[in-house]
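What follows is a single structure, written as structure tokens, with notes after it.
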Amino acid sequence: MKVTQLYIYPVKSLRGIALSSAKVVGTGLQYDRTFMLLRVEGGDTKPRKLNNMHVSRLTEMALFKTALVKSSDGDGESLEQFTVTYAGPSSSLPPTTLTIPFVPDTESLEMVDVVMYNSPTQAYDMGAEYNSWFSEQFGYDVVLAYIGNMRRPVLGSLWPAAAESAVGSATRSVSRYLSSYLPSSIMAKGEERRPPGITFADIAMFLVVTEESLAETSSRLPEGMEMDIRKFRPNIVLSGAEGAWYEDLWGQINIENRDGVEVELALTANCARCASINIDYSTGKQALGEKGTMLKKLMSDRRVDKGNKYNPIFGRYGYLGKGAGSNISIGDDVSVAKRLEEPATFDWKTK
80 MKVTQLYIYP
90 VKSLRGIALS
100 SAKVVGTGLQ
110 YDRTFMLLRV
120 EGGDTKPRKL
130 NNMHVSRLTE
140 MALFKTALVK
150 SSDGDGESLE
160 QFTVTYAGPS
170 SSLPPTTLTI
180 PFVPDTESLE
190 MVDVVMYNSP
200 TQAYDMGAEY
210 NSWFSEQFGY
220 DVVLAYIGNM
230 RRPVLGSLWP
240 AAAESAVGSA
250 TRSVSRYLSS
260 YLPSSIMAKG
270 EERRPPGITF
280 ADIAMFLVVT
290 EESLAETSSR
300 LPEGMEMDIR
310 KFRPNIVLSG
320 AEGAWYEDLW
330 GQINIENRDG
340 VEVELALTAN
350 CARCASINID
360 YSTGKQALGE
370 KGTMLKKLMS
380 DRRVDKGNKY
390 NPIFGRYGYL
400 GKGAGSNISI
410 GDDVSVAKRL
420 EEPATFDWKT
430 K
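Mapping the sequence shown onto our numbering, position 239 (from 1) lands on 318, and the numbers just tick up by one.
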């Protein structure tokens, strides 16, 4: 198999950035989902409350595009800043753009609490310059939060306690998870042991999908229509699988990069899908016609996870085994290192 596409999503639930090469860090692909948006509720006479913003519930988030900032010498693109551009579907005004540093100065920023799918963290409120821009586009008060060096805990048995046992155990208890630390095989050389954690990605470091499963999904649409893989919001897209849905039984994949370094990903959970795959990215609303029924089409035979029986599965969630600090690129070779005897059962309690 080969890596055919790579994506990061600097701001959770906004549109992503396609890359030809990406650095692998301890939380996934570098700069993936390190920011997220929070809607401000209350104020004045009511307590202020910050609510997580997700594209599945706020479909207009699909109208925000992200892109890398061109380097100062005009030769290529940098990973120092990115832009967010909003273009309303019926607006006669030109698109408006905001530039955000990937690593902002947090010294003077206030902290906010964020809880996503029962997994808590603190984050930095990016302040008036950024909050006011997003608030103007959405039409209500919004906070841009940056996770910095904070992390969210991984719940259930999704975190691989060791490279060998990660793909074979579906019964590890939450208490065992909470008392465990990363073994040396899961840490980059020279790092000390520490509890695992993720950024503002839903529940995992990586989301891996295949072109073969996308093709099978597109076959459910009328002739001439294709499903846009970007609506599945993957990090790593592979081609050359034995067929559609074979990834359901992958326990570990190894990606060999151009330097001959193997990046190991333990695939421990299935990705359950929601109504976000029905969104028309040009309107920021549910798509009309057949493309607006994609979730229903997958429900017919893709509800294959006993722990998530009401949602169809597309893609696998992964965690880094080894290879932190390495780059992976389009064209890299990929092999299946371990297979499961039966599909994984999801046990992260999200509510």
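Each residue gets a CB set at the ideal place from its N, CA and C atoms; glycine is no exception.
- Here the alpha carbon of S405 sits roughly 27 Å from the alpha carbon of E321.
- Secondary-structure assignment with DSSP links N406 through a beta bridge to K102.
- Contact check for E343 and N333: beta-carbon distance about 5 Å, within the 8 Å limit, so the pair qualifies.
- In this structure, DSSP gives L317 an extended state, which the three-state scheme calls strand.
- For Y203 and H133, the gap between their C-alpha atoms comes out near 18 Å.
- In the DSSP annotation of this structure, the continuous segment of the beta strand (DSSP E) that includes N333 starts and ends at W329 to E335.
- Residues L223 and Y225 of the same chain have their beta carbon placed closer than 6 Å to that of M205, with the five preceding and five following residues left out of the count.
- DSSP places F181 outside any beta strand (DSSP E), giving it a letter other than H or E.
- Using a C-beta cut-off of 8 Å, the stretch 364-371 makes no contact with the stretch 406-414, since fewer than three inter-stretch Cβ pairs fall below that distance.
- Under the 8 Å Cβ criterion, the stretch 389-406 does not count as touching the stretch 169-186, having fewer than three qualifying pairs.
- Residue nearest to V82 within the set A97, V191 and V221 is A97 (criterion: CA-CA distance).
- Runs of the alpha helix (DSSP H) spanning 4 or more residues and lying entirely within the stretch 350-430 occur at 373-378, in chain order.
- Taking a C-beta distance under 9 Å as the contact criterion, C350 and S135 do not qualify as a contact pair.
- Within its own chain, the residues whose Cβ lies closer than 6 Å to the Cβ of A323, once the five positions on either side in sequence are excluded, are E291, S292 and E295, listed in chain order.
- In the assembly as shown, A348 is a buried residue. Its beta-carbon has 16 or more other beta-carbons within 10 Å.
- The stretch 280-315 is shown to contain whole beta strand (DSSP E) runs of 3 or more residues at 285-289, in chain order.
- Sequence-distant partners of T200 (beyond 5 residues in either direction) whose C-beta falls short of 6 Å from its own C-beta, in its chain, are V193, M229 and R231.
- Excluding five sequence positions before and after S318, the CB atoms of its chain that fall closer than 6 Å to its own CB belong to K81, T83 and E290, given in chain order.
- Annotation for N197: no beta strand (DSSP E) segment contains it, and DSSP assigns it neither H nor E.
- Only residues of its own chain outside the window of five on either side were considered, and among them D426 and W427 have a CB closer than 6 Å to the CB of G235, listed in chain order.
- Each residue's CA atom was taken as its position, placing E326 and G105 some 23 Å apart.
- The three-state secondary structure of A207, taken from DSSP, is helix.
- Taking C-alpha positions only, L158 is separated from T124 by approximately 43 Å.
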